[in-house]
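In mature numbering (1 follows the signal peptide of the UniProt record, and there is no 0), the protein residues as written are -37 to -1, 1 to 302.
Even for Gly, the Cβ is constructed at its ideal location relative to N, Cα and C.
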Amino acid sequence: MQQASYSKTAKSHFNRRAVLTSSALLAMTIAAGSVQAQPGEWPAKSIRMVVPYTPGGGTDAVTRQISERVGTANRWVIVVDNKPGAGGNIGLDAVAKAAADGYTFGMGQTANLAINPALLPSMPFNPKTDFIPVALVASQPVVLVVPADSPWKSLQDMIAAAKAQPGGIKQGLASTGTVGHLAGEMLSYRAKIDVLNVPYKGAAPAVTDLLGKQTHYMFGTPQAVYPLLKGQRLRALAVTSAKRLPILPQVPTVAESGFPGFEAVDWKLIVAPKNTPAAIAQKLNTAVNTALKDPGVLKQLQDEGSTPMGGNMQDAQGYLQKEQASWSSLIRDAKITLE
């Protein structure tokens, strides 16, 4: 835009006032339209945190823990909004299509951000381009369990039995397309064993049939199996995290049990719609990292078998990219399908 020239004529003065008035109005319009994008004034209203699963599950519990702590510490109102369905895709699709104004976030996880894109023929959103990774929250492994009176005392015992009976050992799946399912597929691929997968509609029926000897083993979440481990109705052979769990210190990792580098965890990662102002995303990242240092939050996470993560937004981006590549490679190389 050319700068208005000075003139002593009334007409020139009028034109210059008009230009200045128009510029001022334009500046006011831009400022008004970007009020929500100013991190210093954010949040000016409640924040919606979408959980793509039903209330009461592991993702819901972690989301409510961290949202409550962040909200209390910063005097923010964070409303948890459960939108379950399609393996977590419905909820995250709602986040992807929400206004990028800093008032909608979602709790993504391994399944809907890394596994589903490689396993499903189509997705309603692009997990690589439709979100801004904001903050890594926590990770949780699954636990390989067998009935307490199983003859298998170790992971190697189970693998030896599976090799002796190709297709004769049954693995219960709480659901397909989850970390528990893929951990089992990863183990079968690396151990070169052939087992029969028996899918269920949830952890409860899968555990019931395991106790009833309808299946031989399963990978279950700590929430699903820990009470039965304490009650000595199940026995844990291994955990899929890189390190042993504080709540199960006597249980070795799969990596320790002959498979170096083996790790399969259900991580939780807060995401925002693409184009959400970076300064706002950074403000939430800082708040989450502070919350993850709170002793109460740490104890809650540890008690449920989770490990706090944290880190900056670049850490979140790098971790997500690594996980997406890793799960995609496994699904391709092991020829894993939902059939």
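Closest by C-alpha distance to Asp56, out of Asp93, Ser220, Lys298, Glu267, is Asp93. Beta-bridge analysis with DSSP links Arg11 to Val42, Thr67. Around Ile122, the same chain offers Ala154, Ile156 as residues with beta carbons nearer than 7 Å, after the five sequence neighbours per side are excluded. Taking a contact as a CB-CB distance under 8 Å, the pair Ser269 and Gln103 counts as one, their CB atoms being some 4 Å apart. Cβ contact annotation for Arg32 (same chain, cutoff 6 Å, sequence separation greater than five): Ala254, Asp257, Val260, in chain order. Within a 10 Å sphere around the beta-carbon of Gln277 sit fewer than 16 other beta-carbons, which makes this residue exposed. Sixteen is the threshold: since fewer than 16 other Cβ atoms of the shown chains lie within 10 Å of the Cβ of Glu4, the residue is exposed. When secondary structure is reduced to three states using DSSP, Arg196 falls in the coil class, being assigned neither helix nor strand. Measuring C-alpha to C-alpha distances from Leu150 to each of Asp120, Phe225, Leu83, Ala81 identifies Phe225 as the nearest.
For Tyr152, the enclosing alpha helix (DSSP H) covers residues 142 to 154. Around the beta carbon of Thr35, a 10 Å sphere encloses fewer than 16 other beta carbons of the protein chains shown; the residue is thus reported as exposed.
Counting other Cβ atoms within 10 Å of its Cβ, Thr184 reaches 16 or more and is therefore classed as buried.
Around the beta carbon of Lys231, 16 or more other beta carbons lie within 10 angstroms, which makes this residue buried.
Around the Cβ of Thr300, a 10 Å sphere holds fewer than 16 other Cβ atoms; the residue is exposed. Rounded to the nearest whole angstrom, the CA to CA distance from Gly20 to Thr26 is 10 Å. A straight-line Cα-Cα distance of about 16 Å links Lys164 and Pro18. Shown here, Ser102 sits in a strand according to DSSP, grouped into three states.
Leu118 is a Cβ neighbour of Ala201, given a cutoff of 9 Å.
Separation of the CB atoms of Val214 and Ala199 is rounded to 4 Å, and the pair is thereby assigned contact status at 8 Å.
Following the DSSP letters along the chain, one finds Asp157 in no beta strand (DSSP E), marked with neither H nor E. Boundaries of the alpha helix (DSSP H) around Leu82: 79 to 82.
Excluding five sequence positions before and after Ile29, the CB atoms of its chain that fall closer than 6 Å to its own CB belong to Val100, Ala254, given in chain order.
Residue pairing by DSSP puts Lys231 in a beta bridge opposite Gln72, Ala101. Distances from the alpha-carbon of Leu208 to those of Pro271, Phe68, Pro236, Pro110 put Pro271 closest. Around the beta carbon of Val40, fewer than 16 other beta carbons sit within 10 angstroms, so the residue counts as exposed. Closest option to Ser220, judged by alpha-carbon separation, among Ser204, Val228, Ile210, Val234: Ser204. Shown here, Lys246 sits in a helix according to DSSP, grouped into three states. Asp229 is classed as buried because its beta carbon has at least 16 other beta carbons within 10 Å across all chains shown.
Judged by DSSP secondary structure, Met121 falls outside any beta strand (DSSP E) and instead within the alpha helix (DSSP H) spanning 118 to 127.
By the neighbour-count criterion, in which 16 or more other beta carbons inside 10 Å mark a residue as buried, Lys246 falls on the buried side.
The C-alpha of Gln284 is placed about 12 Å away from the C-alpha of Ile78. With a threshold of 16 other beta carbon atoms within 10 Å, Pro114 falls short and is exposed.
In the DSSP assignment, the residues bridged to Lys133 are Leu159.
In the three-state reduction of the DSSP assignment, Pro110 falls in the strand class, which pools E and B. Met276: member of the alpha helix (DSSP H) spanning 276 to 296, first to last residue.
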